[in-house]
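Beneath this line is the structure, given in structure tokens, with notes to follow.
In the working numbering, the protein residues as written are 1 to 236.
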């Protein structure tokens, strides 16, 4: 009889949604995955909100730990890192630095770039253009990418030579600078970091699940994705 994987992941193809997929693929951990369809508002269904009261993705259920549910992508990465003892340094200072940069992504990179994406890729195609909001969020996103660039000077990854949950959390957001219409010109350390992670087969495999959206990264059918993305997030 085949043993049931510990982790059941509920997710969709978004920057936050890819984070636990990247971890699980990089860690070579077996897992089950359920795609949450925003167009059907599955994230607001009663059964799902029992797992995640915020009605957002991703969520994991650890079937190997009495069906313990974890929501919020940063908390999920932290939980997985501790469960599998991977991508989280044991050295106290490096561990703290990793969590600092994880929080930097959760509190800064994600919210700011997310708003830059929302106002340009969702609101604007529906006839709601707000120049003030666009300028604010694009400018702040650029500033945060500059912070990353400075941190990456002389380093392979955000906390030195070790690939950590800070990199896992930050990569899908920062790498989607195209979708946020934020320039990375002149940010050579950040671009080199993109190149290094672009070459990691497990991370790239994760971005194909549950459904690939290459347009987020400036590839593929941009116009079709623009229309479908605006509609998908219209009332979410």
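Backbone N, C-alpha and C define an ideal beta-carbon position, used for all residues, glycine too.
Have a look at the options and flag the residue whose alpha-carbon is nearest the alpha-carbon of residue i.
i           : options            : result
residue 142 : 190, 167, 160, 164 : 190
residue 216 : 153, 122, 134      : 122
residue 23  : 68, 88, 50         : 88
residue 162 : 47, 206, 94, 116   : 94
residue 14  : 73, 78, 91, 68     : 73
residue 136 : 28, 181, 61        : 181
residue 218 : 41, 96, 206, 174   : 174
residue 198 : 129, 212, 213, 172 : 172
residue 77  : 207, 16, 212, 152  : 16
residue 79  : 6, 42, 115, 222    : 6
residue 28  : 214, 201, 208      : 201
residue 52  : 223, 10, 83        : 10
residue 104 : 222, 178, 221, 145 : 145
residue 179 : 153, 68, 114       : 114
residue 152 : 129, 42, 138, 194  : 194
Suppose you measure from the CA of residue i to the CA of residue j; what does that come to, to the nearest Å?
i           : j           : result
residue 246 : residue 66  : This structure cannot speak to residue 246, because the chain is shown only from 1 to 236.
residue 176 : residue 210 : 17 Å
residue 63  : residue 227 : 37 Å
residue 40  : residue 125 : 21 Å
residue 196 : residue 148 : 15 Å
residue 3   : residue 45  : 29 Å
residue 85  : residue 164 : 11 Å
residue 81  : residue 127 : 42 Å
residue 56  : residue 18  : 13 Å
residue 150 : residue 156 : 12 Å
residue 50  : residue 107 : 25 Å
residue 37  : residue 187 : 36 Å
residue 220 : residue 214 : 6 Å
residue 68  : residue 168 : 22 Å
residue 43  : residue 154 : 41 Å
Is residue i close to the ligand HEM? I mean its beta-carbon at under 7 Å from any heavy atom of the ligand.
i           : result
residue 199 : Because no ligand of any kind appears in the structure shown, any question about the ligand HEM cannot be addressed here.
When you compare the CB positions of residue i and residue j, do they come within less than 8 Å of one another, or not?
i           : j           : result
residue 249 : residue 225 : Nothing about residue 249 can be read from this structure; the chain reaches only from 1 to 236.
residue 203 : residue 26  : yes
residue 8   : residue 32  : yes
residue 159 : residue 101 : yes
residue 119 : residue 134 : yes
residue 12  : residue 35  : yes
residue 206 : residue 21  : yes
residue 54  : residue 71  : yes
residue 117 : residue 140 : no
Using DSSP's beta-bridge definition, name the partner residues of residue i.
i           : result
residue 62  : 7, 68
residue 55  : Residue 55 pairs with nothing; no bridge assigned.
residue 157 : 160
Hey, quick one: how far does the alpha helix (DSSP H) through residue i stretch, first residue to last?
i           : result
residue 146 : 131-152
residue 110 : 110-117
residue 20  : 15-27
residue 82  : 73-84
residue 96  : 92-104
residue 215 : Per DSSP, residue 215 belongs to no alpha helix (DSSP H) and is neither H nor E.
Along the chain, where does the beta strand (DSSP E) that runs through residue i open and close?
i          : result
residue 31 : 31-35
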